Amino acid sequence: MGGTFWDIFIFGENPHSSTIRESPGGSGLNVAYGLFLLGHTVDFYSNIGDDWRGKQIVELLEKASFDTSHMSTIQGGKTGIFIAHNDKPLAVDPGVNRKEMKLPSLSEYDLVFVTGEIPEKTIRKICENTKNVILDVGPGARFDTSDLNALVIGNERECSFRKCDVVKMGSKGARWGEVYVPGNGISYPHSIGLGDLFDIVFVHHLPLGKSKKEILEEAVKCSQILGQKENVTPFERISFLEPLSTKDDTLECPDESKDASHHGG
Numbered sequence: 047m048g049g050t051f052w053d054i055f056i057f058g059e060n061p062h063s064s065t066i067r068e069s070p071g072g073s074g075l076n077v078a079y080g081l082f083l084l085g086h087t088v089d090f091y092s093n094i095g096d097d098w099r100g101k102q103i104v105e106l107l108e109k110a111s112f113d114t115s116h117m118s119t120i121q122g123g124k125t126g127i128f129i130a131h132n133d134k135p136l137a138v139d140p141g142v143n144r145k146e147m148k149l150p151s152l153s154e155y156d157l158v159f160v161t162g163e164i165p166e167k168t169i170r171k172i173c174e175n176t177k178n179v180i181l182d183v184g185p186g187a188r189f190d191t192s193d194l195n196a197l198v199i200g201n202e203r204e205c206s207f208r209k210c211d212v213v214k215m216g217s218k219g220a221r222w223g224e225v226y227v228p229g230n231g232i233s234y235p236h237s238i239g240l241g242d243l244f245d246i247v248f249v250h251h252l253p254l255g256k257s258k259k260e261i262l263e264e265a266v267k268c269s270q271i272l273g274q275k276e277n278v279t280p281f282e283r284i285s286f287l288e289p290l291s292t293k294d295d296t297l298e299c300p301d302e303s304k305d306a307s308h309h310g311g
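Here you go:
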């Protein structure tokens, strides 16, 4: 559960030759959609406005057979908007993501993934009443995590002033406690959303009995491979995730040698 946004990305430096791409977005939705693509049964809880953006998001998700039944439409509410130029966020309007979420009992779920895009009060309720919670704090959250019953994930900046279990370090890799997996050292020009890819692969491998090192290696590798794809929104990049092997549940990320150009979203 987490945020749902309408993403607007502007790629290029010249106003008259720039590319504008729009798609559903938000870390909560991105991770939920990615796990759905990998074959997981996903119930996604999120607030969405009853404006045209909200209706468009629901329509696109339903066309992809993604279950939207747990997304709450707020009457008169505004769907969140995220605007970025290349790799720089320009403006974020959380819209109805600010509102508390109405949640049922979550005890039946094997795992609950939450993002810091939703209110702190809602997050604390989830952590107090649910087991196996993973929280990605994200850039907007300002609360302390030391007392939360959750596995906390964040990037280096987010974890510089709060307790985190897993630290995403961009081109330098990732750390889980004392376990460190190095990255390839390459800083990709369009890195927004690569943290969502990391989370998708991390959550996918977590229940499979793999070691911390193996889970980090898979998450770092996949986010770096898909980081090569430019001029796409995070949601579009996630659509490049390939189906699982039916034999061993191994995640197949697109080969690094394949063409990284956009083929739809």
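Position one of the sequence shown corresponds to residue 47 (the numbering used here), numbered consecutively onward.
Just so it is clear, CB atoms sit at the ideal spot from N, CA and C, and this is done for glycine as well.
Predicted model only: the values in this text are computed from it and were never measured.
Comparing C-alpha positions only, which one of the options sits nearest to residue i?
i           : options            : result
residue 183 : 220, 147, 242      : 242
residue 150 : 70, 106, 47        : 47
residue 162 : 137, 191, 153      : 191
residue 92  : 49, 206, 276       : 49
residue 122 : 98, 110, 271       : 98
residue 177 : 189, 279, 171, 153 : 153
residue 224 : 85, 211, 180       : 211
residue 59  : 226, 171, 134      : 134
residue 68  : 75, 74, 55, 61     : 55
residue 197 : 270, 252, 147      : 252
residue 205 : 188, 195, 282      : 188
residue 264 : 116, 148, 108, 287 : 287
residue 112 : 267, 131, 258, 84  : 84
residue 143 : 185, 172, 94       : 94
residue 119 : 90, 258, 172, 194  : 90
residue 217 : 63, 271, 167       : 271
residue 140 : 72, 284, 267       : 72
Look up residue i in the DSSP assignment and say whether it is helix, strand or coil.
i           : result
residue 165 : coil
residue 77  : helix
residue 70  : strand
residue 55  : strand
residue 269 : helix
residue 63  : coil
residue 299 : coil
Short of 6 Å in beta carbon distance, which residues of its chain neighbour residue i, apart from the five on each side in sequence? Order them along the chain.
i           : result
residue 156 : none
residue 334 : Residue 334 lies beyond the range of the chain shown here (47 to 311); nothing can be said about it.
residue 52  : 99, 125, 127
residue 234 : 273
residue 214 : 201, 220, 241, 244
residue 180 : 159, 197
residue 103 : 70
residue 308 : Because the pLDDT of residue 308 is 32, which lies under 50, any placement of that residue in the model is unreliable, and the question is left without a value.
residue 115 : none
residue 209 : 191, 192
Terminal residues of the continuous alpha helix (DSSP H) containing residue i?
i           : result
residue 280 : 280 to 284
Could you name the residues of the same chain whose beta carbon sits closer than 7 Å to that of residue i, not counting the 5 residues immediately before and after it, in chain order?
i           : result
residue 262 : 220, 222, 225, 227
residue 136 : 129, 130
residue 259 : 225, 227
residue 186 : 162, 163
residue 148 : 118
Answer with yes or no whether the minimum CB distance from residue i to chain B is below 8 Å.
i           : result
residue 221 : Given the protein chain composition of this structure (a single chain), no chain B is represented.
Discussion item. Which runs of the alpha helix (DSSP H) at least 4 residues long sit entirely within the stretch 169 to 251? Give them in chain order.
Written reply: Complete alpha helix (DSSP H) runs here, min 4: 240 to 251.
Practice prompt. Counting only runs of 4+ residues fully inside the stretch 96 to 167, write out the alpha helix (DSSP H) ranges in chain order.
Written response: 98 to 109
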